[in-house]
Ligand SMILES: Cc1cc2nc3c(=O)[nH]c(=O)nc-3n(C[C@H](O)[C@H](O)[C@H](O)COP(=O)(O)OP(=O)(O)OC[C@H]3O[C@@H](n4cnc5c(N)ncnc54)[C@H](O)[C@@H]3O)c2cc1C
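Residue numbers (my numbering): 11 to 467.
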């Protein structure tokens with residue numbers, strides 16, 4: 011039983027490094043990833059036949075991307091890598107995986123969960139109009155397919171990705187109409203002492219802002235979204251209030267928005283890992299120690315799936331979790347390496363806290379969401395309907411509110427609307443968001459064809 015191959019879910023920076031560490035120790039891990047190629051979000055590879063070189067695709071991160079790709083390609087003979095494989099359910103000892111239109115069971119004893127993160131959004135009136143994307147979605151269009159989402163694009167929200175994606179579009183020749191940040195400039199200035207610990211990462215952020223301004227692109231802080239307006243069934247303008255409270259209207263043919271990232275925690279939930287509210291990230295996160303061990307034996311967490319920390323930290327965490335797994339299997343593991351990894355992870359946690367202070371999740375926007383705003387687009391539930399259901403039926407917990415309103419019950423299982431819905435509910439009941447609990451993970455954690463759900467092999 012002890013020689014059963016460990017499983018790694020996710021082939022981003024965390025999963026790739028975990029797999030390489032296990033392979034170096036002589037284990038041949040099974041690596042499952044729903045994407046067609048390794049690299050994860052940041053080092054996503056272009057499809058076969060695309061010829062853009064590393065510098066054009068990954069900018070400052072080109073050398074890191076090449077190193078990760080080369081290392082992962084180099085261990086192909088020592089691992090069992092299964093791309094295009096979605097893990098849609100996890101039961102004790104068994105993973106249910108969709109690949110090639112069939113669902114198969116993969117037995118596991120030890121699993122490293124490295125599923126990464128997704129965009130965190132706050133709905134606003136008109137956000138479901140065609141032409142409106144998340145920041146990550148807009149980036150994937152550009153990075154993966156070399157497509158722009160529009161020719162006059164407004165970038166709105168907050169967080170490092172806001173400036174990075176706007177910069178990538180501007181550099182690629184895309185039409186950036188404006189970059190509108192909900193965080194007031196003063197909050198960023200206050201966070202500078204902590205941000206300095208980020209070294210080159212902080213410097214890159216400053217560079218992106220400077221490069222946007224140098225191209226004459228308006229960059230505004232402290233804005234408040236009002237609404238997106240449509241024409242001919244697509245977004246045509248964005249209305250917002252500037253820092254002084256004046257309402258402004260910007261013509262556009264596309265909008266990309268997001269307010270930081272949320273960890274993908276459903277697999278940890280299905281593995282019965284306990285969760286706790288994380289005040290820095292403002293999200294319930296699975297419990298794990300610095301080594302990535304969870305309270306559930308044989309279940310380890312690495313990378314953004316255990317808490318947002320960025321790509322470099324994800325690699326370190328992937329190696330640390332793999333070493334924890336090896337230690338738990340009785341392998342000899344070098345103590346100086348463990349200490350170095352943990353020191354580096356602690357240092358990055360400090361920088362992460364500073365980033366959260368520089369780009370705080372604007373919970374007040376969710377709390378004050380106008381009643382007519384569609385909160386759950388899968389089920390077409392407005393913020394007003396959600397509030398009324400919660401108040402009328404005494405739903406003082408997010409899963410009860412979901413049952414009474416259908417908010418979070420559709421295809422995305424609350425992955426999109428959940429974070430904002432918890433804040434809307436808390437504000438409606440005048441309670442702190444952590445009292446609302448979290449939407450329980452339910453299989454399938456991502457949409458799968460009906461024909462597959464009942465036919466396991
Ligand atoms: C859309 C998006 C764009 C980003 N762009 C940048 C950027 O340009 N620069 C930057 O510095 N940071 C970026 N980030 C943050 C950065 O990607 C992460 O900090 C870093 O990639 C984390 O590495 P990871 O290995 O933890 O997760 P990821 O890189 O996200 O990798 C997770 C992997 O797990 C796979 N996976 C997830 N769930 C399942 C499942 N159920 N079954 C099978 N496979 C699964 C995914 O396909 C993915 O390959 C981005 C984040 C997002 C969400």
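The beta carbon of each residue, even a glycine, is placed where N, CA and C say it ideally should be.
C-alpha of residue 312 to C-alpha of residue 24: approximately 6 Å in a straight line. Looking at the backbone, the Cα of residue 27 and that of residue 402 are separated by about 50 Å. Taking every protein chain shown into account, the CB of residue 107 has 16 or more other CB atoms within 10 angstroms, so this residue is buried.
CA-CA distance, residue 370 to residue 224, rounds to 26 Å. The three-state reading of DSSP puts residue 200 in helix, counting H, G and I together. Taking the C-beta atoms as reference points, residue 133 is found nearer than 8 Å to residue 430. Our two residues, residue 339 and residue 40, have alpha carbons roughly 17 Å apart in a direct line. With the rule of 3 Cβ pairs closer than 8 Å, the segment 432-446 counts as touching the segment 389-406. Annotated as proximal: residue 286 and residue 295, with beta-carbon spacing under 8 Å. Of the candidates 63, 278 and 161, 161 places its Cα closest to the Cα of residue 187. For residue 276, the three-state secondary structure derived from DSSP is helix. Assignment of residue 26 by DSSP, reduced to helix, strand and coil, places it in the helix class. For residue 277, the Cβ falls inside the 7 Å cut-off from some heavy atom of ligand 1. The closest CA to that of residue 70, considering only 178, 100, 139 and 149, is found on 178. Three or more beta-carbon pairs drawn from the segment 274-288 and the segment 110-128 are found closer than 8 Å, and the two stretches are therefore classed as touching.
Sorting 151, 45 and 37 by C-alpha distance to the C-alpha of residue 67 places 151 at the top.
The segment 343-400 is shown to contain whole alpha helix (DSSP H) runs of 4 or more residues at 345-368 and 373-377, in chain order. The continuous stretches of beta strand (DSSP E) do not include residue 170, which lies in the alpha helix (DSSP H) extending over residues 170-181.
Residue 97 has its CB nearer than 7 Å to a heavy atom of ligand 1. Three or more pairs of CB atoms, one per stretch, sit closer than 8 Å, so the segment 165-174 contacts the segment 187-197.
Beta-carbon to beta-carbon, residue 13 and residue 454 are separated by about 31 Å, too far to satisfy the 8 Å threshold. The nearest non-hydrogen atom of ligand 1 is less than 7 Å from the C-beta of residue 23.
With a cut-off of 7 Å, the C-beta of residue 127 is classified as near ligand 1, since at least one heavy atom of the ligand falls inside that distance.
Per DSSP, residue 325 is one residue of the alpha helix (DSSP H) stretching across 321-338. Secondary structure note for residue 433: its alpha helix (DSSP H) is the uninterrupted segment 428-439.
Beta-bridge analysis with DSSP links residue 191 to 167. Around the beta carbon of residue 16, 16 or more other beta carbons lie within 10 angstroms, which makes this residue buried. Taking C-beta atoms as the reference points, residue 18 and residue 122 count as a pair closer than 8 Å.
Annotation for residue 238: the continuous beta strand (DSSP E) segment containing it runs 234-241. Within the chosen limit of 7 Å, ligand 1 does not reach the beta carbon of residue 257 with any heavy atom.
Per DSSP, reduced to three states, the secondary structure at residue 410 is helical.
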